[in-house]
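*Asks:*
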Amino acid sequence: MPATKRHGTEDKSGLGVYPKWTFVWPLNRRIVYNRCSADPAGRPWKKDKALMAWDGTKWITNDVPDFGVTDPVTKEPVPPEKTANAPFIMLPEGQARFFNPSGLKEGPMPEHYEPVESPVKNLISKQQNNPMAMRWTGEFAKLAETGSKEFPYVATTVHFIEHYQTGVRTRNSPWLVELMPEQFATISPNLAGKLGIKPGDEIIVSSARTEIKMKANVLPIVKPLVVNGSPVEIVSLPWSWGYMGLSKGDVGNDLTPFIGDANVVVPEYKAFLCNIRKA
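This is how it looks when you write it as structure tokens:
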């Protein structure tokens, strides 16, 4: 769906679905396992915020259903009792898992861990972060402490619809470079006002590893999170720039920590600590 079709701010569900605001891969489904939003009889758990609901003759949907709402042959509505038994479509048994016997290194029971670099203490567990996370040594071991005053904001790396999956393609496509000609960070109007930053200003984003220069993008789509009663500002960083290509810029991944998950070493690039200032 083209970026120009970012319309439709109406959200009948009241759940923040906004089905016409861009596109969610692969089927524009916003919430996976959405059959679970209603009980076995098709009654929403929260009536005033119904995602899926059976009205007695058909399904009322405020998202793309991940279950069969109509029979593929007869095209008749499928009653809720026939869709209630296996709502977790991505699991072979079709049921929720509270115990995972597949040999995850963290153990079989679910647990919440804060990122290794976090502005807050873990409010759910005494264990702050994953004790089994892959950590590097030497120069790669530089990390900010929990609740760091030097790095008070949460950075996250993101894709944009105007970017390819890889930076190599993004930086070498003339049309994409024209759409997004240089590296930038998106921050909230609140943080911009606090730091005296205006859209288009050159800024420095820093972490415990290094600092890089880019332009400021100020938009209300980035909102502070309220954690334990206190706001935590977010700095959104697209990571498609690098030292080669039609559009060159500092590498966003220079800022990210060298932390990998315990099982397949996926990097912890979606939440780490940073600071930001005018250049």
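Using the numbering used here, read the sequence shown as starting at -8 and increasing by one per residue. Just so you know, even glycine gets a beta-carbon here, dropped at the ideal spot from N, CA and C.
Contact between the stretch 124 to 135 and the stretch 203 to 215: three or more CB pairs below 8 Å?
*Replies:* Touching, no.
*Asks:* Which residue wins for smallest C-alpha separation from glutamate 173, given the options Trp230, Tyr24, Asp2?
*Replies:* In the sequence shown, residue 173 corresponds to position 182, counting from 1. Nearest option by C-alpha distance: Trp230.
*Asks:* Should tyrosine 144 go down as buried or exposed, given a rule of 16 or more other Cβ atoms within 10 Å for buried?
*Replies:* Translated into positions along the sequence shown, residue 144 becomes position 153. Counting Cβ neighbours within 10 Å, tyrosine 144 comes out buried, since at least 16 surround it.
*Asks:* Just to confirm the assignment, what range does the beta strand (DSSP E) spanning threonine 52 have?
*Replies:* Residue mapping note: residue 52 aligns to position 61 of the sequence shown, counting from 1. Taken as a continuous stretch (DSSP letters only), the beta strand (DSSP E) holding threonine 52 covers 50 to 52.
*Asks:* CA-CA distance, proline 122 and glutamate 97?
*Replies:* Here residue 122 refers to the residue found at position 131 of the sequence shown. Here residue 97 refers to the residue found at position 106 of the sequence shown. C-alpha separation (whole angstroms): 8 Å.
*Asks:* Assign lysine 261 to one of three DSSP states: helix, strand, or coil.
*Replies:* In the sequence shown, residue 261 corresponds to position 270, counting from 1. It is coil, neither helix nor strand.
*Asks:* For alanine 124 versus phenylalanine 263, is the C-beta distance shorter than 7 Å?
*Replies:* Position 133 of the sequence shown, counted from the start, is the residue given in the question as residue 124. Position 272 of the sequence shown, counted from the start, is the residue given in the question as residue 263. It is not a contact, given that the beta carbons lie outside the stated cut-off.
*Asks:* Quick one: complete beta strand (DSSP E) runs, 3+ long, within the stretch 120 to 162?
*Replies:* Taking only runs of at least 3 residues, the beta strand (DSSP E) segments lying wholly in the stretch 120 to 162 are 144 to 149.
*Asks:* With distances taken between CB atoms, is the gap from valine 196 to alanine 183 smaller than 7 Å?
*Replies:* Residue mapping note: residue 196 aligns to position 205 of the sequence shown, counting from 1. Residue mapping note: residue 183 aligns to position 192 of the sequence shown, counting from 1. Result no, Cβ atoms of valine 196 and alanine 183 do not sit closer than 7 Å.
*Asks:* Look up alanine 207 in the DSSP assignment and say whether it is helix, strand or coil.
*Replies:* Within the sequence shown, numbered from 1, the residue matching residue 207 stands at position 216. It is a strand residue.
*Asks:* Taking the alpha-carbon of lysine 185 as reference, which of Asp30, Ser198, Pro215 has the nearest alpha-carbon?
*Replies:* On the sequence shown, position 194 is the one that residue 185 refers to. For lysine 185, the nearest C-alpha among the options comes from Pro215.
*Asks:* I'd like to know whether the C-beta atoms of aspartate 57 and isoleucine 80 end up nearer to each other than 7 Å.
*Replies:* Indexing the sequence shown from 1 puts residue 57 at position 66. Indexing the sequence shown from 1 puts residue 80 at position 89. Yes, these two residues count as a Cβ contact at 7 Å.
*Asks:* Can you list, in chain order, the residues of its chain with a C-beta nearer than 7 Å to that of methionine -8? Leave out the 5 residues immediately preceding and following it.
*Replies:* For the purposes of this step, residue -8 is taken as the residue at position 1 of the sequence shown. The predicted model places methionine -8 with a pLDDT of 47, which falls under 50 and marks its position as unreliable; any figure quoted below should be read in that light. Once the five neighbours on either side are set aside, the close Cβ partners of methionine -8 are Thr13, Phe14.
*Asks:* Taking 6 Å as the limit between beta carbons, can you name the residues of its chain near glycine 85, skipping five residues before and five after?
*Replies:* The residue you call residue 85 lines up with position 94 of the sequence shown. Ala77, Phe79.
*Asks:* Compute the distance between the beta-carbons of asparagine 120 and valine 107, then report whether it is under 7 Å.
*Replies:* Along the sequence shown, one-based indexing puts residue 120 at 129. Along the sequence shown, one-based indexing puts residue 107 at 116. Going by C-beta atoms, asparagine 120 is nearer than 7 Å to valine 107.
*Asks:* How would you label tryptophan 50, buried or exposed, when you count the other beta carbons within 10 angstroms and need 16 or more for buried?
*Replies:* Walking along the sequence shown from the start, residue 50 turns up at place 59. Burial call: buried.
*Asks:* What residue does the beta strand (DSSP E) around alanine 183 start on, and which one ends it?
*Replies:* Sequence index remark: in the sequence shown, residue 183 carries index 192 (1-based). No beta strand (DSSP E) contains alanine 183, which is instead part of the alpha helix (DSSP H) from 180 to 186.
*Asks:* In the DSSP assignment, the alpha helix (DSSP H) including leucine 167 goes from what residue to what residue?
*Replies:* Position 176 of the sequence shown, counted from the start, is the residue given in the question as residue 167. Taken as a continuous stretch (DSSP letters only), the alpha helix (DSSP H) holding leucine 167 covers 165 to 170.
*Asks:* In the DSSP assignment, what are the bridge partners of isoleucine 225?
*Replies:* Taking the first residue of the sequence shown as position 1, residue 225 is located at position 234. DSSP output for isoleucine 225 lists Val145 as bridge partner(s).
*Asks:* Pull up the distance between the alpha-carbon of asparagine 193 and that of threonine 74, whole angstroms please.
*Replies:* Mapped onto the sequence shown, residue 193 falls at position 202. Mapped onto the sequence shown, residue 74 falls at position 83. Inspection of the sequence shows that residue 193 is occupied by glutamate rather than by asparagine. Approximately 54 Å, taken between the alpha carbons.
*Asks:* With DSSP run on the structure shown, which of helix, strand or coil describes glycine 98?
*Replies:* What you label residue 98 is simply residue 107 of the sequence shown in a count that begins at 1. Coil, per DSSP.
*Asks:* Compute the Euclidean distance between the alpha carbons of threonine 128 and arginine 26, then round it to the nearest angstrom.
*Replies:* Counting from 1 along the sequence shown, the entry for residue 128 is found at position 137. Counting from 1 along the sequence shown, the entry for residue 26 is found at position 35. Answer to the nearest angstrom: the Cα atoms are 45 Å apart.
*Asks:* Drop a sphere of 10 angstroms on the beta-carbon of glutamate 105, count the other beta-carbons inside from all chains shown, and report buried for 16 or more, exposed for fewer.
*Replies:* Locating residue 105 in the sequence shown gives position 114, counting from the first residue. Label assigned to glutamate 105: buried.
*Asks:* Taking all protein chains shown into account, do 16 or more other C-beta atoms lie within 10 angstroms of the C-beta of methionine 205, making it buried, or fewer, making it exposed?
*Replies:* For the purposes of this step, residue 205 is taken as the residue at position 214 of the sequence shown. Methionine 205 is buried by the Cβ-count criterion.
*Asks:* Can you give me the Cβ contacts of isoleucine 115 inside the same chain, cut-off strictly under 6 Å, excluding the 5 residues immediately before and after it?
*Replies:* Start at 1 with the first residue of the sequence shown, and residue 115 comes out as number 124. Cβ neighbours of isoleucine 115 beyond the five flanking positions: His103.
*Asks:* Near arginine 21, which residues of its chain fall below 6 Å by C-beta distance, leaving aside the five closest residues on each side in sequence?
*Replies:* Start at 1 with the first residue of the sequence shown, and residue 21 comes out as number 30. If we look at arginine 21 and ignore the five residues flanking it on each side, its Cβ neighbours are Val8, Val15, Asp54.
*Asks:* With a threshold of 8 Å on Cβ separation, who are the neighbours of glycine 187 within its own chain once the five nearest residues in sequence on each side are excluded?
*Replies:* Walking along the sequence shown from the start, residue 187 turns up at place 196. Same-chain partners within the cutoff: Lys269.
*Asks:* Would proline 83 be called buried (16 or more neighbouring beta carbons within 10 Å of its own) or exposed?
*Replies:* Working through the sequence shown from its first residue, we reach residue 83 at position 92. Per the 10 Å Cβ criterion, exposed.
*Asks:* What is the residue span of the beta strand (DSSP E) that glutamate 193 lies within?
*Replies:* As a position in the sequence shown, residue 193 is number 202, starting the count at 1. Unbroken beta strand (DSSP E) run through glutamate 193: 193 to 197.
*Asks:* Quick check on the DSSP output: the beta strand (DSSP E) that includes alanine 44 runs from which residue to which?
*Replies:* Numbered from 1 along the sequence shown, position 53 holds the residue referred to as residue 44. Per DSSP, alanine 44 belongs to the beta strand (DSSP E) from 43 to 45.
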